[in-house]
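Colleague:
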Amino acid sequence: MNIAFFLTPKSELVTLDEHITIRQAMEIMEYHRYTAVSVIDRKGRYVDALSEGDILWHLKHKEGLIFKDTERESIDTIKRHRPTASVSINSNIESLIELSSSQSFIPVVDDQNVFIGIIKRSDIIHFCIDKLGLKDTDERIA
């Protein structure tokens, strides 16, 4: 099965440029109520995802940091607590299912590693429920 079926395209998403400030990232994430956002470079290539937890751990371990400093420090200085793996648009559904056990979304890239969108864990779960024949039934997996 072509995983493009599950794709939420980049045009419908919020992404972060890898060189914006921590403060800008926090403002964007708060406004959109996202707990994690894909980070892309200026050529549109996927870098990683940035999570609220990544920001919090960074702030906690930055001795002497005051909030005003977040307006000058770039998000590319933040170490990722748990890297978010991407998949190629040519990947199979099995690789999505495996990654979805540890990631709430899976970034999708083309052959040049250019970010083209994400696949949400909830979409993968709905697909699995449908394939297992559990949709619109009272059956439960034992």
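The numbering used here runs 29 ahead of the 1-based position in the sequence shown. Built from N, CA and C at the ideal position, the CB exists for glycine as well.
Per DSSP, what kind of secondary structure is Ser133 in: helix, strand or coil?
Modeller: As a working mapping, residue 133 is identified with position 104 in the sequence shown. Coil at Ser133, not helix or strand.
Colleague: Does the count of Cβ pairs from the segment 40 to 49 and the segment 98 to 118 closer than 8 Å reach three?
Modeller: Taking 8 Å as the limit for Cβ pairs, the verdict is that the segment 98 to 118 does touch the segment 40 to 49.
Colleague: What beta strand (DSSP E) runs, 3 residues minimum, are completely inside the segment 44 to 79?
Modeller: 44 to 46 and 65 to 69, all fully within the segment 44 to 79.
Colleague: Just to confirm before moving on: does the CB-CB distance between Ser124 and Val137 stay below 8 Å?
Modeller: Walking along the sequence shown from the start, residue 124 turns up at place 95. Walking along the sequence shown from the start, residue 137 turns up at place 108. Taking 8 Å as the Cβ cut-off, Ser124 and Val137 do not qualify as a contacting pair.
Colleague: Taking 8 Å as the threshold (C-beta atoms), are Tyr75 and Ile69 in contact?
Modeller: As a working note, residue 69 is residue 40 in the sequence shown. As a working note, residue 75 is residue 46 in the sequence shown. Contact: yes.
Colleague: Just to confirm before moving on: does the CB-CB distance between Met55 and Ile84 stay below 8 Å?
Modeller: The residue given as residue 55 occupies position 26 in the sequence shown. The residue given as residue 84 occupies position 55 in the sequence shown. For Met55 and Ile84, yes; Cβs fall inside 8 Å.
Colleague: Regarding Arg150 and the ligand MN, is the C-beta to nearest heavy atom distance less than 7 Å?
Modeller: For the structure depicted, the ligand MN is absent and the ligand set is empty, with no information on it obtainable.
Colleague: With distance defined between alpha-carbon atoms, name the residue in Gln141, Ile122, Gly146 and Phe144 nearest to Lys160.
Modeller: By 1-based counting over the sequence shown, the position of residue 160 is 131. If we check each option's Cα against that of Lys160, Ile122 comes out closest.
Colleague: Terminal residues of the continuous alpha helix (DSSP H) containing Phe144?
Modeller: As a working mapping, residue 144 is identified with position 115 in the sequence shown. Not the alpha helix (DSSP H): Phe144 falls in the beta strand (DSSP E), residues Phe144 to Lys149.
Colleague: Please report how far the alpha carbon of Phe144 lies from the alpha carbon of Asn119, in whole angstroms.
Modeller: Here the question's residue 144 lines up with position 115 in the sequence shown. Here the question's residue 119 lines up with position 90 in the sequence shown. Rounded to the nearest angstrom, the two C-alpha atoms are 13 Å apart.
Colleague: What residue from Lys108, His155, Asp152 and Asp98 has the CA that sits closest to Gln53's CA?
Modeller: The count along the sequence shown starts at 1 and reaches residue 53 at position 24. Checked all of Lys108, His155, Asp152 and Asp98; the closest Cα to Gln53 is Asp98.
Colleague: Can Leu79 and Ile147 be called in contact, C-beta distance under 8 Å?
Modeller: Taking the first residue of the sequence shown as 1, we reach residue 79 at position 50. Taking the first residue of the sequence shown as 1, we reach residue 147 at position 118. No, Cβ-Cβ distance for Leu79 and Ile147 is not below 8 Å.
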